[in-house]
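Student: To start, I am sharing the structure in question, which I have written as structure tokens.
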Amino acid sequence: MTSFRYQDEYTTPPARQITPTTIERFEHVFEVDPSLMTDNVAQQVFPNWDTKRIVAARWDHLAWIHTHFADSVISGEELLRSLDD
Amino acid sequence: MTAVLEASIVEQLVAAIAPVLGEANVLTSKTARYSRARVPAPFPVHRWAERVPDLVVLPGSTEEVAHVVRVANEFGVPIVPRDGGTGLTDGAVPERRGIVVDVKRMNLIHEIDLENRTATVGVGISMLKLNEVLAQHGLIYPDNPASYPCSLVGGRIGTSGWSLIGSRYGHSRDLVLSFDMVTPTGDIIFVGDGGGRKISKSSSGYQLKHLFMGHQGTLGIATTATLKLYPKAEAEFSAFWAFDDYDVAYKAVGALARAGIATFAGAVLFDEKKVEYLRRDDEAYIPQPESVKALVCSVGYGNSDEVAAGGRRMMRIARDLGARYMGDEISQGDWASRHDRYATPVHGRTLSGQVALMSWHCEDAAINYTDLPAVTREWHAIVEKLRRKHDVFDDWGMFAYTSSDTGVDYLTEIDIGIWEEKLDDTTWAAFVDAKREIAAVSLKYGGSISACHGSCREGEVDLVPQELGGGYDVMLAVKRALDPNNIMNPGKYGLDRAYDNEGDRR
Ligand SMILES: Cc1cc2nc3c(=O)[nH]c(=O)nc-3n(C[C@H](O)[C@H](O)[C@H](O)COP(=O)(O)OP(=O)(O)OC[C@H]3O[C@@H](n4cnc5c(N)ncnc54)[C@H](O)[C@@H]3O)c2cc1C
């Protein structure tokens, strides 16, 4: 069971080239193209759950910053629509 | 380079200080000293050992600070105030070694005055921690630098800091009402607008508060400060717009800043190089079409109805100039990223496009609106030349950010990635020359070398007398009068010139 999960976590989904210098493995999670990280930096081996955890933690952090400074956030999309009303 | 103090003198200093501060608050270990030798501004790390203090003290009160300063005078040993240690002009770096006075232990909230809307705090507190407590009362202390989570009130006083929402609430100099401080001779004085602790405007006597803010610890150590509080905003509005070219974005940022919107808290212009840089690594910009060449962001805070009305006006101004709104997710998320987007990338690109670990350097001039395009061009040319010569630097683009509610001047920032590990004496000298050229451009256009951090670093500091003219001579006279032994953060701002024995250890 454990070894199955381990393998699962360390097998990344196939990469899709997004721009000449970036790839995407998980939806909306962009990574620097590994071919640009060969000369000067060593890449860390990362389980998939950790990638997802970091992304989720980022969203938590952004939400926290909003509430830290103001009680609510006004939507620009709604204001833009109201310009045409 | 200053020699380390003889062990016997260090022992005598410890013997004089420890009985008052307590032994646990006088540190001589290598880790305690080396970790207070630098700030985040990149520097040639092979020279780290040149600026390590002889000892570190952690006073717990104004009286304890005064005691340490008196001892330093008696022994003629340099003393360097240090708070968060995030300052970017090397202010907290002990260039002449001596005693680092780390004020972080003085971090209590002494009083929250709900009626007069003030808080009195020890200068070792961070704005973030203070605001967690103030939020329980519906209040906020809105000094909001990008270093918000880690810079502290004493450092904000020492640098006279700049706030991201300063166009709405003012900057550190407006928000700090008064403070107690210890002068370089160990006297305790109170500095404010006139005499009262909670006075925001007085015409009584000289306006000393400004003198004792932004001096980079060369004129004393602030210990307890009284701060001006605001109601925590009911609402926040932030919008990011994309533009096909820089010139239109430049027009838009000017129009937004000049619109006189009461809830307006700041507007930012991102130039083409910044967009290019963001496209490399930033999830919001990687998928943007090639047509996006420049960005503008504008922000408002206050009561919900007023923020909505102001936001609506901002949306109209931008739309009329052909801006494309980037949507709520990017607009809200990117604004919430304001405290880490600058410094955390920790990597840049060499000329071949390969990733290298790089630290963040930031130039931070104050430039008038009308000069932004010319300064932007000239600064990029300087960095490009540097980069072509030494492949350890990277141009991370420029921001121009309103400093006030009228749009008169902008914090103008070029971010430079520096492969710090590779900095040797040659590349460092080239960088210092580039910094000097960058500062010269700011002065050529009638600007100031620094809007936020101060101008103490190699390169820029040479031009401070030119920037201030006769005012610099007044600085020398003030320094000499208040610090007769040149013990308070010596070596900064070229103030050794105030003494006959220029360059002495003291
Ligand atoms: C990621 C990042 C983003 C930043 N963004 C901003 C920004 O948006 N706006 C801005 O203004 N700055 C910014 N800075 C720079 C820095 O955070 C500020 O200059 C801040 O005011 C320094 O506070 P500190 O507590 O870290 O002070 P320190 O670095 O410890 O000290 C700064 C100076 O003040 C002196 N000093 C310290 N304590 C005292 C005291 N009690 N009395 C007298 N002098 C004292 C020191 O000797 C030194 O000269 C940024 C830095 C980083 C790393």
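Sequence lines, in order, name chains A and B. For the first sequence, the numbering used here assigns the number 1 to the initial residue and increments by one for each residue that follows. For the second sequence, the numbering used here assigns the number 86 to the initial residue and increments by one for each residue that follows. Backbone N, C-alpha and C define an ideal beta-carbon position, used for all residues, glycine too.
1. Which residues of the segment 343 to 373 of chain B have a Cβ closer than 9 Å to any Cβ of chain A? Give them in chain order.
2. Buried or exposed for M1 of chain A, please, with buried defined as at least 16 other CB atoms from any protein chain shown within 10 angstroms of its CB.
3. Below 8 Å on the Cβ atoms is my guess for N158 of chain B versus K283 of chain B; work out the distance and round it to an integer in Å.
4. Closer than 7 Å by beta-carbon distance: list the chain B residues that pair up with E77 of chain A, in chain order.
5. Report the residue from B:E545, B:M191, B:L561 whose alpha carbon sits nearest the alpha carbon of D175 of chain B.
6. Figure out for me which residue from B:V360, B:H152, B:H424, B:Q551 has the closest Cα to the Cα of K378 of chain B.
7. Please work out which residues of its chain come closer than 8 Å, Cβ to Cβ, to H222 of chain B, disregarding the five sequence neighbours upstream and downstream, and give them in chain order.
8. Can you tell me whether M1 of chain A is helix, strand or coil according to DSSP?
9. Do the CB positions of T244 of chain B and T311 of chain B come within less than 8 Å of each other?
10. Could you tell me if D510 of chain B is buried or exposed, where buried requires 16 or more neighbouring beta carbons within 10 angstroms of its beta carbon?
11. Relative to the alpha-carbon of E368 of chain B, which residue among B:S422, B:G396, B:E108 has its alpha-carbon at the smallest distance?
12. Ligand 1 heavy atoms versus the CB of T309 of chain B: any closer than 7 Å?
13. Leaving out five residues on either side along the sequence, give the residues of the same chain with a beta carbon under 6 Å from the beta carbon of A307 of chain B.
14. Measure the C-alpha to C-alpha separation of N48 of chain A and H61 of chain A and round it to an integer number of angstroms.
15. Going along the chain, which residues of the segment 96 to 121 of chain B sit with their C-beta nearer than 7 Å to a C-beta in chain A?
16. If you measure between the beta carbons of L354 of chain B and V333 of chain B, is that distance less than 8 Å?
17. Does the structure place the segment 109 to 124 of chain B close enough to the segment 437 to 447 of chain B that three or more beta carbon pairs sit under 8 Å?
18. How big is the Cα-Cα spacing for L457 of chain B and V493 of chain B?
19. Report yes if the CB atom of L508 of chain B is closer than 8 Å to the CB atom of V477 of chain B, and no otherwise.
20. I'd like to confirm the pairing. Which residues does DSSP put opposite N453 of chain B in its beta bridges?
21. Determine, using beta carbons only, whether V111 of chain B and L140 of chain B come nearer to each other than 8 Å.
22. Using the three-state DSSP reduction, which class does M443 of chain B fall into: helix, strand or coil?
23. Quick one: Cα of F30 of chain A to Cα of E24 of chain A, how far?
24. Less than 6 Å between C-beta atoms, sequence neighbours within five positions excluded: which residues of the same chain meet that for N388 of chain B?
25. Below 7 Å, is the gap between the Cβ of C382 of chain B and the nearest heavy atom of ligand 1?
26. For V178 of chain B, does the three-state DSSP call read helix, strand or coil?
27. So for Y486 of chain B, helix, strand or coil by DSSP?
28. Using a Cβ cut-off of 7 Å, pull out every chain A residue sitting near Y315 of chain B, in sequence order please.
29. Within 10 Å of its beta-carbon, does L193 of chain B have 16 or more other beta-carbons around it, so buried, or fewer, so exposed?
30. Take every Cβ of the segment 314 to 331 of chain B, pair it with every Cβ of the segment 57 to 75 of chain A, and state whether three or more of those distances are shorter than 8 Å.
31. Taking any Cβ of chain A, which residues in the segment 383 to 401 of chain B have a Cβ under 7 Å from it, in chain order?
32. Rounded to the nearest angstrom, what separates A352 of chain B and C382 of chain B at their Cα positions?
33. Would you mind telling me which residues of chain B sit closer than 8 Å to N48 of chain A, beta carbon to beta carbon, in chain order?
34. Ignore the nearest five residues each way along the sequence and tell me which others in E149 of chain B's own chain have a CB closer than 7 Å to its CB.
35. Compute the Euclidean distance between the alpha carbons of A451 of chain B and D33 of chain A, then round it to the nearest angstrom.
36. Based on the DSSP secondary-structure assignment, which residues constitute the bridge partners of P166 of chain B?
Tutor: Reading off the structure:
1. Contact annotation: in the segment 343 to 373 of chain B, residues whose CB is within less than 9 Å of a CB in chain A are R364, R365, D366, D367, E368, I371, P372.
2. As a position in the first sequence, residue 1 of chain A is number 1, starting the count at 1. Summary for M1 of chain A: the model assigns pLDDT 46, below 50, so the residue's position carries little reliability, and this model does not support an answer.
3. Taking the first residue of the second sequence as position 1, residue 158 of chain B is located at position 73. Taking the first residue of the second sequence as position 1, residue 283 of chain B is located at position 198. Not confirmed; about 32 Å, so no contact.
4. The sequence position of residue 77 of chain A within the first sequence is 77, counting from 1. Under the 7 Å cutoff, chain B gives G412, D413.
5. Residue numbering aside, residue 175 of chain B sits at position 90 when the second sequence is read from its first letter. If we check each option's Cα against that of D175 of chain B, B:E545 comes out closest.
6. Here residue 378 of chain B is taken as the residue at index 293 of the second sequence, counted from 1. In terms of CA proximity to K378 of chain B, B:V360 leads the group B:V360, B:H152, B:H424, B:Q551.
7. For this step, residue 222 of chain B is matched to residue 137 along the second sequence. The beta carbon of H222 of chain B sits closer than 8 Å to those of I197, L199, all from its chain and outside the five residues before and after it, given in chain order.
8. Locating residue 1 of chain A in the first sequence gives position 1, counting from the first residue. With a pLDDT of only 46 at M1 of chain A, under 50, the local geometry of the prediction cannot be trusted, and the value read off the model is given with reservation. Under the three-state reduction of DSSP, M1 of chain A is assigned to coil, being neither helix nor strand.
9. Here residue 244 of chain B is taken as the residue at index 159 of the second sequence, counted from 1. Here residue 311 of chain B is taken as the residue at index 226 of the second sequence, counted from 1. Going by C-beta atoms, T244 of chain B is not nearer than 8 Å to T311 of chain B.
10. As a working note, residue 510 of chain B is residue 425 in the second sequence. Its Cβ having fewer than 16 others within 10 Å, D510 of chain B is exposed.
11. As a working note, residue 368 of chain B is residue 283 in the second sequence. In terms of Cα proximity to E368 of chain B, the closest of B:S422, B:G396, B:E108 is B:S422.
12. Taking the second sequence and counting its residues from 1, one reaches residue 309 of chain B at position 224. Outside the cutoff, so no.
13. Taking the second sequence and counting its residues from 1, one reaches residue 307 of chain B at position 222. Around A307 of chain B: V208, G239, I242, F264, M266.
14. The sequence position of residue 48 of chain A within the first sequence is 48, counting from 1. The sequence position of residue 61 of chain A within the first sequence is 61, counting from 1. N48 of chain A and H61 of chain A have their C-alpha atoms some 20 Å from each other.
15. Interface annotation for the segment 96 to 121 of chain B against chain A: empty, criterion Cβ-Cβ distance under 7 Å.
16. Translated into positions along the second sequence, residue 354 of chain B becomes position 269. Translated into positions along the second sequence, residue 333 of chain B becomes position 248. Not a contact, by the Cβ cut-off of 8 Å.
17. Three or more Cβ pairs closer than 8 Å define a contact, and the segment 437 to 447 of chain B falls short of that threshold against the segment 109 to 124 of chain B.
18. Walking along the second sequence from the start, residue 457 of chain B turns up at place 372. Walking along the second sequence from the start, residue 493 of chain B turns up at place 408. Straight-line spacing of the CA atoms in L457 of chain B and V493 of chain B works out to 11 Å.
19. For the purposes of this step, residue 508 of chain B is taken as residue 423 along the second sequence, with counting starting at 1. For the purposes of this step, residue 477 of chain B is taken as residue 392 along the second sequence, with counting starting at 1. The answer is yes: Cβ separation under 8 Å.
20. Along the second sequence, read from residue 1 onward, the residue named residue 453 of chain B stands at position 368. Bridge partners of N453 of chain B: B:D494.
21. Indexing the second sequence from 1 puts residue 111 of chain B at position 26. Indexing the second sequence from 1 puts residue 140 of chain B at position 55. Annotated as proximal: V111 of chain B and L140 of chain B, with beta-carbon spacing under 8 Å.
22. Start at 1 with the first residue of the second sequence, and residue 443 of chain B comes out as number 358. Assignment of M443 of chain B by DSSP, reduced to helix, strand and coil, places it in the coil class.
23. Here residue 30 of chain A refers to the residue found at position 30 when the first sequence is read from its first residue. Here residue 24 of chain A refers to the residue found at position 24 when the first sequence is read from its first residue. Rounded to the nearest angstrom, the two C-alpha atoms are 5 Å apart.
24. Start at 1 with the first residue of the second sequence, and residue 388 of chain B comes out as number 303. Within the same chain, and ignoring the five residues on either side of N388 of chain B in sequence, the residues whose Cβ sits closer than 6 Å to its Cβ are E319.
25. The count along the second sequence starts at 1 and reaches residue 382 of chain B at position 297. No, the beta carbon of C382 of chain B sits no closer than 7 Å to any heavy atom of ligand 1.
26. Taking the second sequence and counting its residues from 1, the one referred to as residue 178 of chain B is at position 93. Correct three-state label for V178 of chain B: coil.
27. To locate residue 486 of chain B, count along the second sequence from 1; it is residue 401. Here Y486 of chain B sits in strand by DSSP.
28. Start at 1 with the first residue of the second sequence, and residue 315 of chain B comes out as number 230. Close to Y315 of chain B, with beta-carbon spacing below 7 Å, lies no residue of chain A; the smallest spacing is near 11 Å.
29. As a working mapping, residue 193 of chain B is identified with position 108 in the second sequence. Exposed.
30. A contact exists between the segment 314 to 331 of chain B and the segment 57 to 75 of chain A.
31. Among the residues of the segment 383 to 401 of chain B, those with a Cβ less than 7 Å away from any Cβ of chain A are Y386, S389, V392, A393, G396, R397, M400, R401, in the order of the chain.
32. Your numbering for residue 352 of chain B matches position 267 in the second sequence. Your numbering for residue 382 of chain B matches position 297 in the second sequence. Note on geometry: alpha-carbon atoms of A352 of chain B and C382 of chain B lie some 5 Å from one another.
33. Locating residue 48 of chain A in the first sequence gives position 48, counting from the first residue. Those within 8 Å of N48 of chain A in chain B number zero; the least Cβ separation is about 17 Å.
34. Position 64 of the second sequence, counted from the first residue, corresponds to residue 149 of chain B. The residues are V105, L106.
35. Within the second sequence, numbered from 1, the residue matching residue 451 of chain B stands at position 366. Within the first sequence, numbered from 1, the residue matching residue 33 of chain A stands at position 33. Going by C-alpha positions, A451 of chain B is about 37 Å away from D33 of chain A.
36. For the purposes of this step, residue 166 of chain B is taken as residue 81 along the second sequence, with counting starting at 1. Partner(s): B:V186.
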